[in-house]
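See below for the structure under consideration.
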Amino acid sequence: MTRSEFLTRISSALGRQPGQVAEAPPPPLPCPPEEDRSVLMTRFVTEHERVGGKVYIVPDWAAAKTVVERLMSEAGTSCYARTREEFLDQVLEGLALPEAATAAEAEVGVSGAAFGLAETGTVVLSSNFGRLATLLPMTHVILLPASRLVAGLHQVLETGALPSAWMLATGPSRSADIEGALVTGVHGPGRVFVVLIENF
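Quick note on this note's numbering: the sequence shown kicks off at 111 and runs consecutively.
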């Protein structure tokens, strides 16, 4: 008995017609066009803030440090956690607050981002630099050089430099129950701030 005969026999026993050949899926949507940095920045800010995040645009590392210090002060934290991107040192060195022994002790986590997706306001975080500082503290501060903004996810995937995992985060953590009651900060940070550095 052939495979086709076998499946026809089962279909008949169930009172059904033999399965039809599935149609090919539609072609993928065209990639968004490459855009200049100012357009990408405007779109990223709009989309990120639409879902409850906040974006601060600063010209350089010194201004980024000022914003980070202010956010830590407003959070009332006594220490912070961080991921291990080297460029964070330009902002975090010399802070009055110490680094926490573990991310669970910190109220604020500071990380870099591998990319920012303008079309959705999403930050792409790499597993190569650690993840706990991006997940455990209630406040997540992300330092994003404007040079890392891209239009969409397809451009990230085309780089070919894939870590063991990417995490895509769009605004604060949100969860809703079956009745649709939305709660922020249940499965991750409840407050997310992106410091977008223009000249880097």
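Using N, Cα and C, we set each Cβ at its ideal position, and we do this for glycine too.
* **Backbone CA spacing between R241 and K175 [nearest angstrom]** => For the purposes of this step, residue 241 is taken as the residue at position 131 of the sequence shown. For the purposes of this step, residue 175 is taken as the residue at position 65 of the sequence shown. Distance between the alpha carbons of R241 and K175 is about 21 Å.
* Mind checking who E289 pairs with in its DSSP beta bridge? => Working through the sequence shown from its first residue, we reach residue 289 at position 179. Looking at the DSSP output, E289 bridges to nothing.
* Asked: Just how far apart, CA to CA, sit G295 and T187?
  -> On the sequence shown, residue 295 is found 185 positions in, with the first residue counted as 1. On the sequence shown, residue 187 is found 77 positions in, with the first residue counted as 1. Going from the Cα of G295 to the Cα of T187 covers about 17 Å.
* Tell whether a beta-carbon distance below 8 Å holds between A279 and L235. => The residue you call residue 279 lines up with position 169 of the sequence shown. The residue you call residue 235 lines up with position 125 of the sequence shown. Cβ atoms of A279 and L235: closer than 8 Å.
* To do: Determine the extent of the alpha helix (DSSP H) in which T118 is found, giving its start and end residues.
  => Mapped onto the sequence shown, residue 118 falls at position 8. In the DSSP assignment, T118 falls within the alpha helix (DSSP H) that extends over 113-123.
* Asked: Closest by CA to C189, which one among A213, E196, V177?
  -> Along the sequence shown, read from residue 1 onward, the residue named residue 189 stands at position 79. Residue A213 is the option with its Cα nearest to C189.
* Roughly how many angstroms separate the alpha carbons of V146 and E133, rounded to a whole number? -> Position 36 of the sequence shown, counted from the first residue, corresponds to residue 146. Position 23 of the sequence shown, counted from the first residue, corresponds to residue 133. It is Asp, not Val, that sits at residue 146 in the sequence shown. Approximately 38 Å between the Cα atoms of the pair.
* **L264 versus S221, V251, I252, T230, residue with shortest Cα-Cα distance** => Mapped onto the sequence shown, residue 264 falls at position 154. Going by the sequence as given, residue 264 is His instead of Leu. The option with the nearest alpha carbon to H264 is T230.
* Please go through the same chain and pick out, in chain order, the residues whose beta-carbon is closer than 7 Å to the beta-carbon of P247, but skip the five residues on each side of it. => On the sequence shown, residue 247 is found 137 positions in, with the first residue counted as 1. Answer for P247: A191, A213, A216, E217, V218, G219, P299, listed in chain order.
* Own chain residues within Cβ distance below 7 Å of A275, not counting five before or after -> As a position in the sequence shown, residue 275 is number 165, starting the count at 1. Cβ neighbours of A275 beyond the five flanking positions: S237.
* Asked: What runs of the beta strand (DSSP E), each 3 residues or longer, lie entirely inside the region 210-254?
  -> Along the length of the region 210-254, whole beta strand (DSSP E) runs at least 3 residues long occupy 218-222, 225-227, 232-236, reported in chain order.
* Run through the region 131-206 for me and flag every whole alpha helix (DSSP H) of 4 or more residues, listed as ranges in chain order. => If we require 4 residues or more, the alpha helix (DSSP H) runs fully inside the region 131-206 come out as 147-160, 171-185, 199-202.
* To do: Within 10 angstroms of the Cβ of P169, are there 16 or more other Cβ atoms? Answer buried if so, exposed if not.
  => Position 59 of the sequence shown, counted from the start, is the residue given in the question as residue 169. With fewer than 16 other Cβ atoms within 10 Å, it is exposed.
* Leaving aside the five residues before and after L198 along the sequence, list all residues of the same chain whose C-beta is less than 8 Å from its C-beta, in chain order. => As a position in the sequence shown, residue 198 is number 88, starting the count at 1. Taken in chain order, the residues that qualify are R192, V220, S221, G222, L253.
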